[in-house]
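For the sequence shown, this note's numbering assigns the number 307 to the last residue and increments by one with no breaks.
Here a beta-carbon is modelled for each residue, glycine too, at the ideal position from N, C-alpha and C.
First the structure, in the form of structure tokens, and then the observations on it.
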Amino acid sequence: MSAQPRVSVVLATRNQASWLLATLASVRAQTMTDWELLLVDDGSTDGTVALAARAAADDPRIRPLPGPHAERAAARNRGIAAATADLIAFLDGDDLWEPEKLARQLACLDGEPHAALCYTIARYVDGADRPLPIRRPPAPLGGELFAALVRANRMILSSVVVRRAVLDAVGGFDASLPALGCEDWDLWLRIARRHRVAVVAEELTRYRVHPGNTPQAAILASGLAVLAKHYRDPTTATEAALPADAARARLLWYHATAAAAEARAPALRLAARALATAPRSLWSRPALGAFARLILPRAAHRLLA
């Protein structure tokens, strides 16, 4: 490894020791080997600290950063501050990378010097690493993405590599948000408002779905807080070509769709909130998706999606 690695991997984790070995193995298996990994512990009470120390002893590219519990936005910012590379990759302690992930993204950013960040498609997997019928985003987009990102967060955190200079210019994760879960969405919006976004349209990231994931209610609360923050700027509605109430309704419809996979009652409550927020949103694509999930058999809904 050179004196300054090409990319710094910021992995913030809390009580994810059961997943962490596999996650670290997926970084060590990268075909692009010129990296450092900042393993930021956010006050874990399981075996994470000892595991991080052993990993660092096995591979000097891994640097443990133990610390008290301060939530993940602050933990990631601590990792960014300790990073030495010009590119920052983010990874959660329960997600995985395909071996070509970093190599493909660095080549993409080299070829698109005006792009501030690069993301990949993420395939959802279960606790046993079996693929699920979900990928994000379904249709990857690059370029000027601010308006598209206001409508939905297209990027899984663990899929993103961002230029350090851009992070320094826009600021890191907002640890002051009243609810956490969508703090990455807030950061992508701040970046995309000023810069172009690149995409590697391959499934190079695996997002793990398990009972320890952030609850949907917390993600919804955080998403609404992110929209409230950005719509305090009166130019947001114009730049996104979307009024604030319509943006909030879209988010509620998406959560209604997700809830419908588990139970009808909470999905219907979310649909009612969406309609109360913006009645015209009934004819939007997210609303139609929610009703399709509620009405159609699961196989038919997957085909329609």
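Among the options, nearest to residue i - alpha-carbon criterion
| i | options | result |
| --- | --- | --- |
| A84 | V11, A124, V164, V201 | V11 |
| P140 | I123, L206, W187 | I123 |
| A5 | D36, W21, A31 | D36 |
| L131 | A263, A267, S286, T25 | In the sequence on display, residue 131 carries Asp and not Leu. That would be T25, whose Cα lies nearest to the Cα of D131. |
| R275 | L222, K231, P142 | L222 |
| E38 | I82, G69, Q18, A249 | I82 |
| A248 | A220, A260, A278 | A278 |
| L206 | L296, M157, W190, T238 | M157 |
| Y209 | L93, A58, G69, D48 | L93 |
| L169 | T238, L244, P236, A91 | A91 |
Under 9 Å between C-beta atoms of residue i and residue j
| i | j | result |
| --- | --- | --- |
| A273 | A294 | no |
| L182 | R74 | yes |
| G45 | A72 | yes |
| L53 | L13 | no |
| A154 | R282 | no |
| G225 | C184 | yes |
| L111 | L89 | yes |
| G144 | V228 | no |
| G129 | V211 | yes |
| D188 | K231 | yes |
| Q218 | A262 | no |
For residue j and residue i, believed in contact at Cβ under 8 Å, the rounded distance
| i | j | result |
| --- | --- | --- |
| R198 | A117 | 5 Å |
| R166 | A87 | 7 Å |
| V152 | L119 | Between L119 and V152 the Cβ distance is about 17 Å, and since that is not below 8 Å, they are no contact. |
| Y233 | A246 | 4 Å |
| D43 | T50 | 5 Å |
| A150 | N79 | With 8 Å as the limit, A150 and N79 do not qualify as a contact, their Cβ atoms being about 26 Å apart. |
| L108 | R8 | 6 Å |
| L98 | S28 | 4 Å |
| P133 | A31 | Not a contact, Cβ separation roughly 18 Å. |
Residues of its chain near residue i, where Cβ-Cβ distance is below 7 Å and the 5 sequence neighbours each way are ignored
| i | result |
| --- | --- |
| P62 | none |
| I204 | Here residue 204 is Glu; the residue named in the question, Ile, does not match the sequence. Excluding sequence neighbours, E204 sits near R106, T122, I123. |
| A194 | L147, F148, L151 |
| R136 | One detail in the question is off: residue 136 reads as Ile in this sequence, not Arg. If we look at I136 and ignore the five residues flanking it on each side, its Cβ neighbours are Y126. |
| L22 | T15, T50, L53, G95 |
Beta-bridge pairing of residue i - partner residues as DSSP gives them
| i | result |
| --- | --- |
| F92 | V12 |
| I64 | L39 |
| A205 | Sequence check: residue 205 is Glu here, not Ala. Per DSSP, I123. |
| L98 | R208 |
Cβ-based neighbour list, residue i, same chain, cut-off 6 Å, excluding 5 preceding and 5 following
| i | result |
| --- | --- |
| S20 | none |
| A77 | A14, V42, D44 |
Cβ of residue i within 9 Å of any chain D Cβ
| i | result |
| --- | --- |
| S46 | In summary, chain D is missing from the structure at hand, where a single protein chain is found. |
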